[in-house]
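Q: Residue 165 in the numbering used here sits at position 149 of the sequence shown, and the numbers go up by one each step.
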Amino acid sequence: MRLTNTLAVLATAVLAATPALAEKRVTITNWTSPNHATSRGQAAYAEMTEGEFPGAFDFKLFSGGALLGPKPTLSGLRDGVADVGLLAFTYFRSEMPYAQLVADLALLGEDHYAMAGATSEFVMLHCQPCKDEFAKNGMVALSGISTAPYVLLTTKPIIDIADMQGVKLRTGGSVWDRWATRLGAEPVNVPSSEMYDTMSHGVVTAAVQPIGALKGHSLIEVAKHLTELPLGTYHSGSIFAVGPKFWASLSPEQREQFVKKIPEAVAQTEVYYETDDLDVLKEASELGLEVHEPSPEFLQDLMGFRTADLEEIARISREERGIEEPEALIAKYRELIEKWNGLVRPLHPIRDNHQPYADLLRQEIYSKIDLATYPD
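#1: Tell me which residues share the same chain as W263 and place their Cβ nearer than 6 Å to its Cβ, disregarding the 5 neighbours each side in the sequence.
#2: Figure out for me which residue from W47, A53, H52 and F69 has the closest Cα to the Cα of K277.
#3: Consult DSSP for T45 and reduce its assignment to one of helix, strand or coil.
#4: Below 8 Å, can you find three or more Cβ-Cβ pairs linking the segment 330-340 to the segment 127-137?
#5: Would you mind reading off the limits of the beta strand (DSSP E) that contains Y107?
#6: By a C-beta neighbour count over all protein chains shown, 10 Å radius and 16 as the cutoff for buried, is L294 buried or exposed?
#7: For I255, does the three-state DSSP call read helix, strand or coil?
#8: Between V183 and T106, what straight-line distance do the alpha-carbon atoms span, to the nearest angstrom?
#9: From A72 to V275, what does the alpha carbon distance come to, in whole angstroms?
#10: May I ask you to report which of helix, strand or coil DSSP gives H308?
#11: Report all residues from its chain with a CB closer than 6 Å to the CB of L102; omit the five preceding and five following residues, and keep chain order.
#12: Any beta carbon from chain B within less than 9 Å of R198's own beta carbon?
#13: For P372, does the count of other Cβ atoms within 10 angstroms reach 16, so buried, or fall short, so exposed?
#14: Kindly give me the distance between the Cβ atoms of I175 and T243, rounded to whole angstroms, as I take these residues to be in contact under 8 Å.
#15: Going by alpha carbons, who is nearest to L77 out of P86, P88, P50 and L247?
#16: Cα-Cα, which of T221, I366, E210 and L245 is closest to I227?
#17: Can you give the Cα-Cα distance for F108 and L169, rounded to whole angstroms?
#18: Just tell me which of F321, K348, K152 and L305 has its CA closest to the CA of C143.
#19: Look up Y166 in the DSSP assignment and say whether it is helix, strand or coil.
#20: Considering only residues of the same chain and omitting the five flanking positions on each side of T48, which have a CB-CB separation below 6 Å?
#21: On the three-state DSSP scale, how would you describe A347?
#22: From the DSSP output, which residues share a beta bridge with Q225?
#23: Would you check if the distance between the CB atom of A59 and the CB atom of P86 is smaller than 9 Å?
#24: Excluding the 5 residues preceding and the 5 following V204 in the sequence, name in chain order all residues of the same chain whose CB lies nearer than 8 Å to its CB.
#25: In the DSSP assignment, find the unbroken beta strand (DSSP E) run with V185 in it and report its ends.
#26: Identify every residue that forms a DSSP beta bridge with K76.
#27: I'd like the ranges of any beta strand (DSSP E) spanning at least 3 consecutive residues and lying wholly in the segment 50-100.
#28: Use the C-beta contact count for S159: other C-beta atoms within 10 angstroms, 16 or more gives buried, fewer gives exposed.
#29: Have a look at V258 and Y212 and give me their C-alpha separation to the nearest angstrom.
#30: Y250 to D74, Cα distance in whole Å?
#31: Using DSSP's beta-bridge definition, name the partner residues of V204.
#32: Just to check my reading of the structure: H370 and V287 have Cβ atoms closer than 8 Å, yes? What is that Cβ distance to the nearest angstrom?
#33: Using 10 angstroms around the beta-carbon of P310, count the other beta-carbons present and answer buried if the total reaches 16, otherwise exposed.
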C-alpha cells in the first residue's frame, strides 16, 4: 500500500511537471496584416515546427500590430514582451549602421529569392559587426528576408521623370530618399502599416512597394496606378528576429528544433511575396488598376543613379555612420548577391516547389552555424 501510494505520488508529480518540461511557450509578433506574406510565413513556420516536434513548443502569433508595432518590436524582443518578431532595420538607422548599409544597397535587388539568401548569409556568416550591433540592441537574427521587387504604386500616372515633381513618396528611406529627392519628389517616411491611411488622406501620393502591397496593405483602394520601375528590394530585416533572453533560455537541442524549419518558412514567405504579386496582376482589370511602363529616359536615369550611388553609399557609411572600410563590406555583399543569383536561377519557378530553395538555404547558411554558440 505504501509503495502504491508512493508510486501514485511520483506519477502525479511527473504528470504535473511534463507540460513545463515538454512545452515552451513562444510569442511571435508581427505588425503586418494577417494576410501579409510575412505573417503567413510565420504562421506556416509555427505549424511546421509544432507538427515535427509535438509538445516541444506552443506558438502564439500576434499579427496586425496587436502586440507590438514596427518600432516597439526591437525593445519588445529585448525586454521579453515577445520572443520572435518581424524586424525592419530601417526603423533603427542610428542604432544599426551596418544594417543600414545593407538597406542602402536596395537597388541591387532583382531576384528576391537571391536577395533573401544573400542577406541571410551576409548577416549570419560574414558580417561580425552586424551580429555585434544586433546583440547590442537586444536581438539575435535567425534569418534575413527580402520583399518582392519594388515598383511605384501611385494615385496618379507616373511615366516620365517630370511626373515625379512634387510627388509625396512613401519610401523605405535611404537610397529611395536620395533617388526621389533628386527628381523633385518629397520622401515621406511612415511605417508600411500606415501607408493606407496616409495615402487615403493625401499625405502620401505614391509608394515604393511590391505589387502585392496593393492587396496586402489594401492600397488598391487608394492607388490605381502601377509603374513598372525596377526599384530594387527591401532586404534589411529579419522575419525571425529573436529576443536574447529567449534564445539564451533554449537548450542546444531546443535550438536545433527551433531553427530546423526556418529555411522552409523563409522559402514559403518568398513564395507568398511572388504569388501575391502575380495574383494582383491577374486581377488588375477587375481591381481597376492601370499598369504603366516607364519612359526609356526614366528607366535609364534610374539605372545611372543605381551605379553612381554606390560611391555615395560608401562615403555616407564611412563619414556619417562610422563604418570602417565600407567598400570591403559592399564588395562582399555584391559577391554574395552574384553567388545567390547563380544558385537560384536553375530553381525557378520556385513557387511551384520551394523545397529545393529551402534546402539551399539550409546547406549554404544554417549547416555552417553552431547553434549552441551562435551568434558569438
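Ideal Cβ positions, reconstructed from N, Cα and C, are used throughout, including at glycine.
A: Straight from the coordinates:
#1: V156, listed in sequence order.
#2: For K277, the nearest C-alpha among the options comes from F69.
#3: Judged by DSSP in its simplified three-state form, T45 adopts strand.
#4: With the rule of 3 Cβ pairs closer than 8 Å, the segment 330-340 does not count as touching the segment 127-137.
#5: Per DSSP, Y107 belongs to no beta strand (DSSP E) and is neither H nor E.
#6: Its Cβ having fewer than 16 others within 10 Å, L294 is exposed.
#7: I255 sits in a strand when the DSSP states are folded into three classes.
#8: If I take the Cα positions, the gap works out to 22 Å.
#9: In a straight line, the C-alpha of A72 is about 13 Å away from that of V275.
#10: The answer is strand: DSSP assigns H308 an E or B state.
#11: So the qualifying residues of the chain are N46, T54 and I255.
#12: Among the chains of the structure shown, chain B does not appear; only one protein chain is present.
#13: With a threshold of 16 other beta carbon atoms within 10 Å, P372 falls short and is exposed.
#14: A Cβ-Cβ separation of about 7 Å places I175 in contact with T243 under the 8 Å criterion.
#15: Measuring from the Cα of L77, the nearest candidate turns out to be P50.
#16: Answer by Cα proximity: L245.
#17: Rounded to the nearest whole angstrom, the C-alpha separation of F108 and L169 is 25 Å.
#18: Measuring from the Cα of C143, the nearest candidate turns out to be K348.
#19: DSSP places Y166 in strand when its eight states are reduced to three.
#20: If we look at T48 and ignore the five residues flanking it on each side, its Cβ neighbours are T54 and S55.
#21: Per DSSP, reduced to three states, the secondary structure at A347 is helical.
#22: DSSP lists V167 as the beta-bridge partner residues of Q225.
#23: P86 is positioned such that its CB atom lies no closer than 9 Å to that of A59.
#24: Within the same chain, and ignoring the five residues on either side of V204 in sequence, the residues whose Cβ sits closer than 8 Å to its Cβ are K184, L185, R186, T187, T214, V219 and V220.
#25: In the sequence as presented, Val is not what sits at residue 185; that position holds Leu. Residues K184 to R186.
#26: DSSP lists T43 as partners of K76.
#27: You should have 73-78.
#28: By the Cβ-count criterion, S159 is buried, with 16 or more other Cβ atoms from all chains shown falling within 10 Å of its own Cβ.
#29: Their backbone Cα atoms lie some 28 Å apart in a straight line.
#30: So the two alpha carbons sit approximately 31 Å from each other.
#31: Answer by DSSP bridge pairing, in chain order: R186.
#32: Rounded, the Cβ-Cβ distance is 5 Å, consistent with contact.
#33: Counting the other Cβ atoms within 10 Å of the Cβ of P310 gives 16 or more, which makes it buried.
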